[in-house]
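Enquirer:
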Amino acid sequence: MSTVEAPVKQRAQIKERTLRTDNWRKYPYVTFVIFTAWVAYATVRAMWGGSFYVPQYHYLTPFYSPCVNDACHAAIGAGKVGNAADFGTFLPKGMPFFIPYAALSLPFLLGFRLTCYYYRKAYYRSFWASPQACGVKEPHAKYTGETRFPLIGQNLHRYFWVIAGLISLVNTWDAINAFHGKDGGFGIGLGTLVLLANVILLWGYTLSCHSCRHVMGGRLKNFSKHPVRYWAWTQVSRLNERHGQFALITLGSLVVADFYVMLVSSGTISDLRFIN
Ligand code: FES
């Protein structure tokens, strides 16, 4: 019996790079500008080594959390000294500037975002033109996928997700700590709300992750026998539809939270207080 071979999938033999007539360049170019600006801002702030904590209200920017440098024990902000090291320190003072105070979390968060399915699409298109858009010929002669170094590292995403979940718990602790008043005890200021909103969005991003969805409902043959996992999978699936939005919004919320803490910590502005 003769066998029928599947047709070889290859690009249609046309000279044009694409037949698309819409503005397909907008997405990769805008993404390139946004990501470059964000990375520049985050790099400068993470290595700044100052204006990251407001002792009066216990505001700690997410870019310095958990604060594990000995300098965090005497974090200065708005003319006061406070302790930003809630989880202990293992880095001595006087480390080179390129070792951030949050050296325990930032490398994993970077790995988490770099291997995120949404970000992969975004930076493959905008930084590597691989491809720049659907239906657009890419400049690379061959594509080996994520089966060899370095892109095989993308498969670490599920492990980064676990660590990112733990770091989100730390951020949650920071947000709860920010309900702190000038005279001690309970208090709420604009900084409290900014840090709280940021952590809620971070949870939205972390829980809407594809790996989270798989952990909840993956490898099951029969949902009806696992009602709790089915319920959790359904909830995560709803969030997952908005994963790309969470990915972008949290870039903004992280910058807003950090920038606000920086302004208050440096004494440039005063925190707007609602209670105490
Ligand atoms: S797929 Fe984006 S964080 Fe997991």
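Each residue of the sequence shown is one higher than the last, beginning at 129 in the working numbering.
A virtual CB, placed ideally from N, CA and C, is assigned to each residue, including glycine.
1. Decide yes or no for the touch test of the stretch 206-214 against the stretch 182-198: beta carbon pairs closer than 8 Å, at least 3 of them.
2. Considering only C-alpha positions, which residue in the set L324, M223, Y247 and L294 is nearest to F307?
3. Mind checking which residues open and close the beta strand (DSSP E) that includes N167?
4. Around the C-beta of K395, are 16 or more other C-beta atoms found within 10 angstroms, so that it is buried, or is it exposed?
5. Secondary structure at R241, three-state DSSP: helix, strand or coil?
6. Regarding A375 and the ligand FES, is the C-beta to nearest heavy atom distance less than 7 Å?
7. Tell me, please, which residues DSSP counts as bridged to L219.
8. Using the Cβ count rule (16 or more neighbours within 10 Å means buried), how would you classify W359?
9. Could you give the first and the last residue of the continuous alpha helix (DSSP H) run that contains I280?
10. Applying the 10 Å Cβ sphere with the 16-neighbour rule, what's the burial state of Y192?
11. Based on DSSP bridge pairs, tell me the residues matched to V209.
12. Just to confirm before moving on: does the CB-CB distance between G239 and F277 stay below 8 Å?
13. Within its chain, find whatever has a CB closer than 6 Å to the CB of F402; leave out the 5 residues flanking it on each side and keep chain order.
14. Under 7 Å from any heavy atom of the ligand FES, does the C-beta of W289 make it?
Expert: According to the structure data:
1. Flag = yes, the stretch 206-214 and the stretch 182-198 touch.
2. If we check each option's Cα against that of F307, L324 comes out closest.
3. Correcting the residue identity first, residue 167 is Val in this sequence and not Asn. No beta strand (DSSP E) holds V167; the alpha helix (DSSP H) holding it covers K154 to W176.
4. With the sequence shown as reference, residue 395 is identified as Gly, and Lys is not the correct amino acid for it. Looking at its Cβ environment, which holds fewer than 16 other Cβ atoms inside 10 Å, G395 is exposed.
5. Helix, per DSSP.
6. Indeed, a heavy atom of the ligand FES lies less than 7 Å from the Cβ.
7. Its beta-bridge partners are N197.
8. Exposed, because fewer than 16 other Cβ atoms sit within 10 Å of the Cβ of W359.
9. Note, I280: premise wrong, no alpha helix (DSSP H); not H, not E.
10. Y192 should be labelled buried.
11. As DSSP reads the structure, V209 sits in a beta bridge with I204.
12. No, Cβ-Cβ distance for G239 and F277 is not below 8 Å.
13. Within the same chain, F402 has close Cβ partners I316.
14. For the ligand FES, a non-hydrogen atom lies closer than 7 Å to the CB of W289.
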